[in-house]
Each structure stands twice: as structure tokens, then as C-alpha cells.
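Chemist:
In this note's numbering, the protein residues as written are 8 to 314.
1. Taking the Cβ atom as the reference point for each residue, do residue 138 and residue 13 lie within a distance shorter than 8 Å?
2. Excluding the 5 residues preceding and the 5 following residue 91 in the sequence, name in chain order all residues of the same chain whose CB lies nearer than 6 Å to its CB.
3. In this structure, how does DSSP classify residue 95 when only helix, strand and coil are distinguished?
4. Just list the residues that DSSP pairs residue 299 with in beta bridges.
5. Which of the three DSSP states is assigned to residue 234 in this structure?
6. Report the residue from 107, 106, 100 whose alpha carbon sits nearest the alpha carbon of residue 114.
7. Which term fits residue 262, buried or exposed, when burial requires 16 or more other beta carbons within 10 angstroms of its beta carbon?
8. For residue 208, I'd like the list of residues in its chain whose CB is within less than 6 Å of its CB, leaving aside the five on either flank, ordered along the chain.
9. Could you tell me the boundaries of the beta strand (DSSP E) in which residue 211 lies?
10. Say yes only if the C-beta of residue 100 is nearer than 7 Å to one or more non-hydrogen atoms of the ligand SAM, and no if none qualify.
11. Decide if residue 290 is buried, meaning its Cβ has at least 16 other Cβ atoms within 10 Å, or exposed.
12. Roughly how many angstroms separate the alpha carbons of residue 293 and residue 203, rounded to a whole number?
13. Check whether the Cβ atoms of residue 163 and residue 157 sit closer than 8 Å, and answer yes or no.
14. For residue 60, does the count of other Cβ atoms within 10 angstroms reach 16, so buried, or fall short, so exposed?
15. To which residues of the same chain is residue 272 closer than 7 Å at the C-beta, ignoring the five residues directly before and after it?
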């Protein structure tokens with residue numbers, strides 16, 4: 008199975024730089040059908056993309072800009088939004104402008120067609136793949152899973168700890184790993200991510216009773232305050248009217264109860280702070296997963312995922 012990378016992964020590679028070094032190397036890349044990347048400098052009034060190839064201009068005609076543009080199933084905003092970003096392409100031909108200067112005619116659509124046929128169509132539920140965060144919405148994120156083809160990662164599949172918006176967990180253009188959760192009737196991929204962030208026990212092992220550790224308030228309920236300790240682990244502290252979701256805390260760990268999946272906390276301090284998004288730690292390094300169980304063996308409540 009061929010592997011196609013999210014856009015932006017090729018542009019600074021030795022192979023890509025060498026292929027765009029001169030008109031001769033560009034012609035060689037054309038003959039070999041190489042997949043290359045370049046930065047989009049302009050989307051003109053006809054929505055053709057003008058790509059910086061260094062020694063030569065490159066143009067991606069509108070219809071070759073993305074899958075679905077010709078059919079109307081993909082909106083032109085998908086082209087406009089590529090300005091000042093790297094895009095993948097193959098060279099399909101050469102032409103001359105009004106001044107007699109040669110330029111390369113490019114196709115991003117052909118790379119996406121190859122990606123769909125050689126890679127994405129062969130993905131199965133449970134496959135663990137590379138992705139890049141492209142766009143965030145309150146309901147989830149769209150991630151590039153290869154050649155600029157996006158898949159949806161719903162907000163409730165990002166982590167076990169509930170979050171108000173994906174931007175508290177991710178940053179734009181962040182490289183992540185994700186699991187193929189399903190494929191809809193149109194062949195679009197839906198992803199999940201929380202299974203990679205560890206089980207309850209794997210996360211709880213990081214903490215001990217009597218420690219005071221940092222946390223983030225995720226919700227306040229009538230019966231207590233949920234404080235996130237890791238993306239896949241939260242504890243419960245007593246109710247306090249002065250505490251708000253999103254605030255940072257220092258919490259004392261009062262008890263850890265695996266059979267109830269409970270961590271009881273005491274809030275020592277609570278304050279507003281703008282810390283960077285924490286780097287994610289993945290507990291699974293395999294390329295495929297069939298089953299995942301979050302809850303401990305001793306817990307009556309079972310939380311699991313099947314693929």
C-alpha cells in the first residue's frame with residue numbers, strides 16, 4: 008500500500024528541493040511523474056493557483072486544484088484557502104506566457120486521485136495513520152490524511168477528557184496520529200484519537216496520593232468540579248462557586264480509586280493563565296488496533312472501543 012503524506016511534509020525535503028533546482032531538473036521530475044510540493048503565491052480571479060517553483064512559475068488550473076471542483080462537490084474556498092501554503096502536485100505539461108517565458112502546468116487533483124486509489128481506499132477501521140490539523144470548528148477538526156484530503160475528527164473523539172473546543176488540545180498545522188474510525192457512504196474517513204492517549208490506569212500511574220499537581224478546570228457541576236490532569240484523565244474536586252471552566256489549578260490528590268475510576272482532588276489554588284498547548288503523548292505505536300479498553304479490570308463500568 009502506497010503512503011501519501013499530509014501536505015507540507017515534502018516541501019523542505021532534499022528530493023523536493025533538488026527536483027525544483029533548475030528547468031532541467033523540473034523536466035526530469037515531469038518525465039518521472041514525481042509528486043512535488045510548492046508554495047501557493049496567488050489564487051487569481053479565475054481561481055487558478057500560482058505556485059512558486061523557484062526557477063520557474065507553475066500554475067494549477069482551477070479544475071486541477073482539488074477533487075470535486077469540476078463536479079461542484081468541492082467549493083472554491085478549498086482553493087482560495089491554499090494561498091501562502093504548500094500544496095502537492097505533479098507536472099502535466101509546459102506552456103509559455105505572453106512574454107515567451109516557460110511555465111509548468113501542474114495538477115494537485117491527480118495526486119489526490121492517486122492518493123485515494125493507492126492509499127485511502129485501502130484504509131481499514133483501526134488503522135493508525137499520520138494526519139495534520141488543518142481547520143478547527145466547535146464540533147471537531149478537519150485533518151489532512153494525505154495529499155490535502157481531509158478527514159473529520161469529531162470533538163468527542165479527541166480525548167476522554169471533555170473539552171470546550173478543539174483549540175485547547177490542538178494547534179493549526181500540528182502533526183498528530185489518529186485512528187480510522189469509520190467511512191461514510193461517500194467514502195469519507197472519520198477519525199478517532201482518544202484511544203492513543205492511554206487507558207485510565209496508564210494515565211493514573213503518573214500520579215500518587217499526597218502529591219500536588221497542575222490541572223485545568225473542564226467543567227463545574229452541582230456535585231463537584233472536574234479537573235483534567237491529562238487529556239485522558241480527570242479528577243473530581245469539591246464544589247466552589249468562584250471556579251470557572253478553563254482556569255488552571257494546583258490540586259492535591261486525596262485518593263485514587265481504580266474500581267470506580269475516581270480520583271478525588273482538593274483544589275489548592277485556581278487562577279487564569281495562558282499556557283501553551285501541551286505536547287501529546289501517545290501510548291500506542293502500532294499501525295493498527297482492533298480493540299481498546301479504557302476502564303480498569305476492577306471497574307464495574309466498562310469503556311471500550313471496537314474497530
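Cβ atoms here follow ideal geometry from the backbone N, Cα and C, with glycine treated the same way.
Quantities reported herein were computed from a predicted structural model and do not represent experimental measurements.
Modeler: Let me spell this out:
1. yes
2. none
3. strand
4. 312
5. strand
6. 100
7. exposed
8. 303
9. Here residue 211 belongs to no beta strand (DSSP E); instead the alpha helix (DSSP H) covers 207 to 211.
10. In the structure on display, the ligand SAM does not appear, and there are no ligands present to speak of.
11. exposed
12. One C-alpha to the other measures close to 10 Å.
13. no
14. buried
15. 234, 242, 243, 244, 258, 259, 260, 261
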